[in-house]
Amino acid sequence: MALYCNPTSFGILTALLLTLPIRAKQPLTPVASQQPASPAAADIPTFDVISIKPSDPNARFSLRFTPDGFSTRNCSLKTLLIVAFNLKDARLIENLPPGKEALYDIEAKVAEPDATKFKQLTYPQKQSMLQSILTERFHLKSHRTAKQLPVYALVVDKHGPKLAASKPNAAGKIERSLQVTGRYTVTVTGSSPADLFQLLSELSGRYVVDRTGLTGLYDFTLRCAPDPSTDPRQDIQWDGPILFTALREQLGLALEPSTAMLDAVVIDHVEPPTSN
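Residue 215 in numbering that gives the first Met the number 0 sits at position 216 of the sequence shown, with consecutive numbering throughout.
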């Protein structure tokens with residue numbers, strides 16, 4: 000079965016992967032740089048103000064961590080759960096209320112004295128803070144479980160990888176970056192194949208596990224075409240290869256069907272958010 004890059008996935012992917020609106024270039028942490036120590040779990044601040052309002056259904060989706068909190072537009076409960084619990088697939092949410100999901104604009108900020116501490120948090124620590132929004136405002140009660148799902152295994156193609164090894168800059172560091180050009184071209188520097196899992200999970204529609212055995216850092220560009228059956232702009236001609244073909248021809252990698260046990264969240268109770 001041929002799978003194509005989904006145009007909607009690219010917009011959501013960029014927001015979840017970078018937690019920023021789409022930009023020309025988003026730098027990642029240099030490999031050899033020194034970073035401030037992240038606060039211990041006991042020192043993680045709490046949100047001082049949380050505002051939740053119904054979204055304009057015509058608004059564009061966005062999701063990002065700000066210097067002092069969290070901001071999202073046109074966000075569903077499902078998306079908030081995926082980010083807050085670091086879930087790999089929407090199917091890992093069980094007992095989600097049926098029916099059409101409401102969309103929300105959410106603004107959450109820490110108190111001014113906690114802003115510096117918030118900036119030093121790791122991404123997983125910031126994600127965990129979103130769980131307080133779900134608990135306090137949506138009255139969420141949940142528990143963890145494990146669930147077996149179909150996945151794709153990222154492997155080296157039979158003809159070998161086509162990845163250029165990253166080279167240090169003048170300071171002896173390997174710069175890491177992810178650049179989105181248009182909708183269907185992603186250029187990455189200083190990354191491993193394992194770093195592709197979230198990108199490929201969004202594009203393929205299944206969670207992707209890394210089984211390449213490659214541990215180095217590489218520079219590469221992936222370009223593929225959208226699915227002509229789902230892209231609303233039927234008048235536009237696309238000339239890029241489909242995802243599976245692009246991986247094989249451009250990177251020397253392949254996706255193989257497999258299964259894996261993944262962490263899931265079971266919703267025991269949830270309500271519409273309380274008023275501000």
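Glycine is no exception: its CB is placed at the ideal position from the N, C-alpha and C atoms.
Cβ pair residue i, residue j closer than 7 Å
i: V207; j: F196; result: yes
i: S61; j: L102; result: no
i: K125; j: L250; result: no
i: V155; j: S257; result: no
i: K52; j: D104; result: yes
Of the listed residues the options, nearest to residue i (C-alpha basis)
i: S141; options: L80, G212 and K52; result: L80
i: S200; options: L95, E106, V265 and A89; result: A89
i: D42; options: L133, T115, T214 and T180; result: T115
i: K159; options: S50, A263, K166 and T211; result: Before going on, a small fix: residue 159 reads as Gly here, not Lys. For the residues S50, A263, K166 and T211, the minimum Cα distance to G159 belongs to T211.
i: A263; options: L95, C74 and T71; result: L95
i: K172; options: T188, K157 and T180; result: T188
i: S75; options: R247, P192, D113 and G98; result: G98
Per-residue DSSP class, three states only, for residue i
i: Y122; result: helix
i: K140; result: strand
i: P35; result: In this prediction, P35 scores a pLDDT of 45, lower than 50, which makes its location untrustworthy; no coordinate-derived value is stated.
i: V269; result: coil
i: T211; result: coil
i: K106; result: Here residue 106 turns out to be Glu, not Lys, going by the sequence shown. Looking at E106 - three-state DSSP - the assignment turns out to be strand.
i: A114; result: helix
i: G159; result: coil
Residue environment, residue i, which counts as buried when at least 16 other CB atoms sit within 10 Å
i: V245; result: Per the sequence shown, residue 245 should be read as Ala rather than Val. Buried is the call here.
i: D267; result: exposed
i: A164; result: exposed
i: V109; result: buried
i: E270; result: exposed
i: S50; result: exposed
i: M260; result: exposed
Which whole runs of the alpha helix (DSSP H) in the region 69–100 are 4 residues long or more, in chain order? 76–83
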